[in-house]
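Here the structure comes first, spelled out in structure tokens, and everything after it is commentary.
Protein chains: 2
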Amino acid sequence: MNIKEVAQKYDLTADTLRYYEKVGLIPKVNRNEVGYRDFTEEDTNWVEFAKCMRNAGMSIEALSEYVALFQKGDSTIAQRKKILLDQQAIMAEKLKDMQATYDRLTKKVDNYDNHIAKFEEEKLENIEHA
Amino acid sequence: MNIKEVAQKYDLTADTLRYYEKVGLIPKVNRNEVGYRDFTEEDTNWVEFAKCMRNAGMSIEALSEYVALFQKGDSTIAQRKKILLDQQAIMAEKLKDMQATYDRLTKKVDNYDNHIAKFEEEKLENIEHA
DNA sequence: ATAAACCTTAAAGTACACTCTAAGGCAAGA
DNA sequence: TCTTGCCTTAGAGTGTACTTTAAGGTTTAT
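So the sequences go chain by chain: A and X.
In terms of the numbering used here, the first sequence opens at residue 1 and continues consecutively.
In terms of the numbering used here, the second sequence opens at residue 1001 and continues consecutively.
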């Protein structure tokens, strides 16, 4: 699979894929006879994983370290597991915060509904925020 | 309350507060006789709200528009509500993605545990990712 | 055989969201 | 009164994560 096809498949640009390879978010991709990248299925699995983790907020630093450790083999399993656990903790915190903010927005929208109702009755008052 | 106290209270820098005011993430703060900002409780509520929403990923564009509309008064209530609902939809999507990634990490860590066990028995095999 | 559409690299450029600097004024303690 | 520690602004600088450019080679269709 050439770089353009992979880019289309995962909704990234070819530039971004080259950048991800350069900074180690995915392992080095093998090249064909003329030097073009030829992505295997394993390569594209790494692309999907990198996109997913970046999307979830994992740092380039942590992810590239994970990838580098992976390539060093089984002796790095414990270190890799720690990176994943650390990332899970970060995400758990983020999920908690976002859920709280989501709930807060729900209440705020409710207040707006009440206020719009009042507004339409021409009983104007101040809203939550004032 | 002066800018430093507010910064400390919300774990932001004074520079960030000035920046937030400049780009409209919070309404303009009143000044004392010599031109120093003097934050009221309402001002600090806006600071807390801005920090919370930025943290949850709300764009500066959407949030500053919300603040601007708020200052225009009750005639903008419907527009403000729409901004909040749009933001809620964005956050719902994000929460869904992050939860899925969190669950994926949980499974991956489980695989590592199994693999570590095997590794310790000296039965080395490939892990999920290979 | 030539144009269009791919691919390569290194390096420069961009957008975002701050963050810092310079130059100066105000306020409180020794 | 002088030093320390606040405050102000405009504008320059920074870090992150791409994104574009320049210069060139390859492949495919006409």
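In this text, a Cβ means the ideal position worked out from N, Cα and C, and glycines have one as well.
List, in chain order, every chain X residue whose beta-carbon is nearer than 7 Å to that of residue i.
| i | result |
| --- | --- |
| A:I77 | Y1112, H1115, I1116 and F1119 |
| A:K108 | L1084 |
Less than 7 Å between C-beta atoms, sequence neighbours within five positions excluded: which residues of the same chain meet that for residue i?
| i | result |
| --- | --- |
| A:I83 | A62, E65 and Y66 |
| A:Q87 | M58 and A62 |
| A:V6 | L17, F39, T44 and V47 |
| A:A89 | none |
Would you decide whether residue i is buried or exposed? Buried here means 16 or more other CB atoms lie within 10 Å of its CB.
| i | result |
| --- | --- |
| A:E21 | buried |
| A:V34 | exposed |
| A:Y112 | buried |
| A:A68 | exposed |
| A:R80 | buried |
| A:Q71 | exposed |
| X:K1107 | exposed |
| A:T101 | buried |
Just the C-alpha distance for residue i and residue j, rounded to the nearest angstrom, thanks.
| i | j | result |
| --- | --- | --- |
| A:L25 | A:E93 | 24 Å |
| A:M1 | X:F1049 | 47 Å |
| X:Q1008 | X:L1017 | 11 Å |
| X:T1040 | X:K1028 | 11 Å |
| A:Y36 | X:D1097 | 33 Å |
| A:I3 | A:W46 | 14 Å |
| A:A56 | X:S1075 | 38 Å |
| A:E42 | A:D110 | 48 Å |
| X:M1091 | A:Q99 | 9 Å |
| X:Y1019 | A:L95 | 27 Å |
Show which residues of chain X have a CB atom less than 8 Å away from the CB atom of residue i.
| i | result |
| --- | --- |
| A:E91 | It is Met, not Glu, that sits at residue 91 of chain A in the sequence shown. Per Cβ cutoff of 8 Å: M1098, T1101, Y1102 and L1105. |
| A:L95 | L1095, M1098, Q1099 and Y1102 |
Can you list the residues of chain X that residue i reaches, using a CB-CB cut of under 9 Å?
| i | result |
| --- | --- |
| A:R54 | Ordered by position in chain X, no residue passes the 9 Å Cβ test against A:R54, which lies about 10 Å from the chain. |
Could you tell me which chain A residues have their CB closer than 8 Å to the CB of residue i, listed as they occur along the chain?
| i | result |
| --- | --- |
| X:K1081 | V109, Y112, D113 and I116 |
Task: Ranges of the alpha helix (DSSP H) found wholly within the segment 20-96 of chain A, counting only runs of at least 4 - done: 41-55 and 60-72
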